[in-house]
Every structure is written in C-alpha cells, then in structure tokens.
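A quick write-up on the structure given underneath.
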Ligand SMILES: Nc1ncnc2c1ncn2[C@@H]1O[C@H](COP(=O)(O)OP(=O)(O)OP(=O)(O)O)[C@@H](O)[C@H]1O
Ligand SMILES: [Mg+2]
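Residue numbers (our numbering): 37 to 440.
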C-alpha cells in the first residue's frame with residue numbers, strides 16, 4: 037500500500053481556487069476521512085489524486101513519485117463513488133472481472149480473484165445477477181468489490197454510503213471498517229456523515245472553501261478544534277458559542293456567580309505577575325451585548341494572549357454544560373429558559389435561550405421533571421471551556437494538554 041502526499045495543491049475553476057494550497061500526507065495503510073461543507077472541494081481533491089482532474093500547481097506524490105502528469109489508469113488508485121457507476125448490462129461477475137480483463141489478465145487468475153473478493157464481501161450468491169436486480173446496499177458492495185479486486189495502491193471513496201438508508205449505512209460502515217482492518221489499504225474517505233468520519237478514520241482532514249483547516253485524530257479534532265469553523269463543524273449538536281471579552285482588572289465581588297466552586301480553580305498555576313492576569317483577581321467574561329457576565333476561575337485564561345482578551349469567543353460543547361451544581365470543576369454561568377426538549381431516548385437535547393438571545397443546546401440525561409418554559413441555571417465545566425480569537429477564529433487553547 038502506498039503513501040499519498042499532497043503538496044501545496046491548487047485547483048482553480050474560472051479563476052477561483054476551489055482547492056487552495058492544500059498540503060497533507062496520508063500514510064501507507066492509513067484511513068483518512070475528508071470532511072467539509074458542500075462545495076468545499078472534497079471531490080475535486082479526490083479527482084486530483086486519482087488523475088481525473090488536472091492540478092494547477094503543487095504536486096501529488098504517490099510512494100515518493102510525483103504523478104501530476106501520470107494518466108489515471110497508470111496511478112493504480114481505485115475510486116468508489118456515491119452512485120456506484122456499475123456497468124448495467126454486465127453481470128456482477130463481469131463488473132468485477134472487467135478491469136482485470138482489460139489489464140490483460142488471463143481467465144484463470146481473473147476467476148480466482150473475482151471469487152476471492154466475492155467471498156470477502158459476501159456477494160458470491162449475487163455474481164450472476166445484473167445491477168438492476170440488486171438493492172442499493174448490494175450495488176455499493178459490488179462497487180467496493182470492483183475497487184478491491186484490482187488490488188490498487190490506494191482507495192478513494194467519495195461518499196460511498198450516502199445513498200443507503202440509515203440502517204444499511206451503519207452495517208456497511210462496520211463492514212468497510214472491518215475490511216480496512218484486514219487489508220490495511222491506504223484510504224481517503226469523503227463523507228458528510230460525522231459519525232462515519234469519527235468512527236472509521238485514523239485521522240480527519242477538515243476543509244472549508246478549499247483550505248485545510250485541521251488534520252488530526254478524531255479525538256483531537258473534537259477536543260481541540262483548531263478554530264471556530266472546526267468547532268462548529270465537528271460535533272452534533274455544534275459547540276455553543278458566545279462572543280465577548282475577558283477583563284482581569286475587576287474585583288471579585290461581582291453580583292452574580294460569586295460562588296464559583298473553589299475546586300474549579302484547581303488548574304490555576306498561581307502565577308502572579310506582570311501580565312495582569314495572575315494578580316489574584318478573578319477574570320470576568322462579559323458577552324458583547326453586556327447581558328451575560330460571569331467569573332472565570334483564576335488561572336484558566338493564563339494562556340490567552342493579552343491582545344485577544346477584548347475580543348474573543350467562548351465555546352462549550354453541549355455535554356459540558358450541567359444543569360445542577362455540586363460537582364467539582366463547574367463554573368456557575370447563567371439562568372436560561374428551556375425552549376424545547378428533544379428526547380432522544382438515552383439523552384435529551386435541551387434548547388435554551390440565553391439572556392442575550394443566543395440559542396444554546398445542552399445534552400443531559402432524560403429527566404421526567406424538566407419542562408419547557410422552566411428556568412434553569414447552567415454550570416460550565418471549567419476544563420472543557422474553549423476560547424477562540426474573535427478576529428481570526430483560532431483556538432487560543434490549542435496547546436492545552438490532550439486530557440482536556
Ligand atoms: N468542472 C467544474 N467546473 C467548474 N466548477 C466546478 C467544477 N467541478 C467543481 N466545481 C466547483 O468547485 C467547487 C468544489 O466542488 P466539489 O465537487 O469538489 O465540492 P465537494 O466538497 O465535493 O461538495 P459536495 O459535498 O457537495 O460533494 C464547487 O463550488 C463546484 O461548483
Ligand atoms: Mg463531492
């Protein structure tokens with residue numbers, strides 16, 4: 037299996053860069069998920085790797101060899117599309133065998149490979165059928181089979197499961213994952229489905245407007261999103277955010293939330309000095325509208341550059357907000373009114389309207405007593421707070437340790 041390197045790749049359509057200086061390396065045997073909003077350039081990037089699309093500048097390197105000018109058939113890369121692209125007039129067997137025969141392989145070895153692949157994908161009993169006689173899931177299996185049978189250097193998947201119903205998607209997802217674990221084939225997998233990306237990938241690349249935003253393991257992009265875009269894109273429901281500023285020169289007797297749980301300050305490094313942030317006074321976050329203000333544990337903001345304090349965005353994931361006090365490490369935040377409760381069975385999504393009009397969502401265990409229109413107090417888990425620069429959107433805590 038091959039390593040794929042993309043170096044400063046650019047693709048323009050009508051003068052507009054839809055893939056804009058993307059550099060990333062997919063290691064041999066790695067499964068990389070490529071995600072981003074519709075139109076951000078995912079399919080274009082796959083097509084550039086496979087050779088179906090030329091590249092305007094930069095390079096595509098497969099196993100150390102630049103292939104910019106190599107035609108698709110000589111790159112030895114298999115692509116699996118959303119729409120299966122099977123030959124409708126051929127049997128499943130012939131669909132699998134076609135590429136091998138075209139390569140000049142003899143009948144015996146072709147037969148052996150096709151049957152071996154059919155066993156691998158559990159499609160042996162479908163070999164005599166035509167694509168028109170197959171379900172969507174079966175067609176997708178054949179499309180994957182047609183890619184596998186070639187034993188290519190790498191697989192490029194472009195939303196292969198998005199035509200399938202929810203249940204079949206889950207089954208195919210685990211089947212593909214199992215297959216990958218067996219074959220350890222270098223794979224780039226475009227998906228709109230976050231669960232697919234999070235569960236299948238060794239690493240996830242997030243793209244927006246043709247620009248790579250972050251490339252990291254699923255857990256790292258979730259816990260350490262590089263910027264506001266990634267924070268909003270990865271995770272469902274999205275991270276809750278609030279624009280505002282942090283001041284450090286106030287006395288700690290603010291009228292709200294003076295009861296900050298002492299243990300929430302555990303990560304204070306107690307530094308004192310010079311930068312005005314460690315002078316013993318608790319920093320205070322105030323929303324841009326001024327409607328929301330609360331104290332932050334001393335020490336929490338030590339890593340934030342001074343210049344970002346007047347204009348930043350606070351972020352917290354729905355599962356990191358609690359509706360009851362009592363646990364260590366919680367910061368009293370705000371009271372809010374429950375607007376809507378979505379009961380998902382194992383958890384509830386509680387939609388809240390904050391005082392400044394912002395809508396937040398809290399993930400909480402289902403509760404019989406919670407009602408719409410009820411007032412609740414929110415407590416934020418201090419360790420899970422994010423701060424983003426208000427101007428650039430960059431996460432100001434990216435260097436925080438992984439156990440955050
Ligand atoms: N041949 C083309 N000519 C002109 N513009 C194109 C061409 N192919 C793609 N584009 C444009 O390039 C941008 C990126 O398209 P691409 O298909 O790569 O997006 P995508 O991320 O795969 O989106 P989706 O998630 O909807 O499949 C889009 O704005 C699209 O309209
Ligand atoms: Mg696409």
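All residues carry an ideal CB built from backbone N, CA and C; glycine is no exception.
A buried status is given to residue 209, since no fewer than 16 other beta-carbon atoms sit within 10 Å of its beta-carbon.
Take the alpha-carbon of residue 220 and the one of residue 235: they are about 16 Å apart. Inclusion of residue 124 and residue 168 in the CB contact set at 8 Å is warranted, their separation being smaller than that value.
Of 320, 324 and 423, the smallest CA-CA separation from residue 333 is found for 320. Between residue 198 and residue 118 a beta carbon distance of about 5 Å is seen, short of the 8 Å cut, so the two are scored as contacting. The secondary-structure analysis by DSSP pairs residue 192 across a beta bridge with 115 and 224.
With a beta-carbon spacing of about 12 Å, residue 55 and residue 90 fall beyond the 8 Å limit used to define contacts. Residues 59, 94 and 95 of the same chain have their beta carbon placed closer than 6 Å to that of residue 43, with the five preceding and five following residues left out of the count. If you draw a straight line from the Cα of residue 399 to the Cα of residue 410, it is about 16 Å long. At a threshold of 7 Å, residue 49 counts as near ligand 1, since its beta carbon sits closer than that to one of the ligand's heavy atoms. One thing to note: residue 181 has its Cβ within 8 Å of the Cβ of residue 157. Counted as a single uninterrupted DSSP element, the beta strand (DSSP E) harbouring residue 41 occupies residues 40–49. By the criterion of at least three beta-carbon pairs nearer than 8 Å, the segment 387–403 is in contact with the segment 369–376. Here the C-alpha atom of residue 369 lies approximately 19 Å from the C-alpha atom of residue 406.
Measuring C-alpha to C-alpha distances from residue 347 to each of 266, 116, 425 and 186 identifies 425 as the nearest.
Boundaries of the beta strand (DSSP E) harbouring residue 423: 422–425, taken from the DSSP string. In terms of Cα proximity to residue 371, the closest of 149, 358 and 379 is 358.
In this structure, the C-beta of residue 58 stays at least 7 Å away from each heavy atom of ligand 2. In the three-state DSSP reduction, residue 122 falls in the coil class, being neither helix nor strand. Setting aside the 5 residues that flank it on each side, residue 111 is surrounded in the same chain by 87 and 103, each with a C-beta closer than 6 Å to its C-beta; the list follows chain order. For residue 203, same chain residues with a beta-carbon under 7 Å away, outside a window of 5 residues either side, do not exist.
When 62, 85, 70 and 418 are compared, the shortest CA-CA separation from residue 47 is found for 85.
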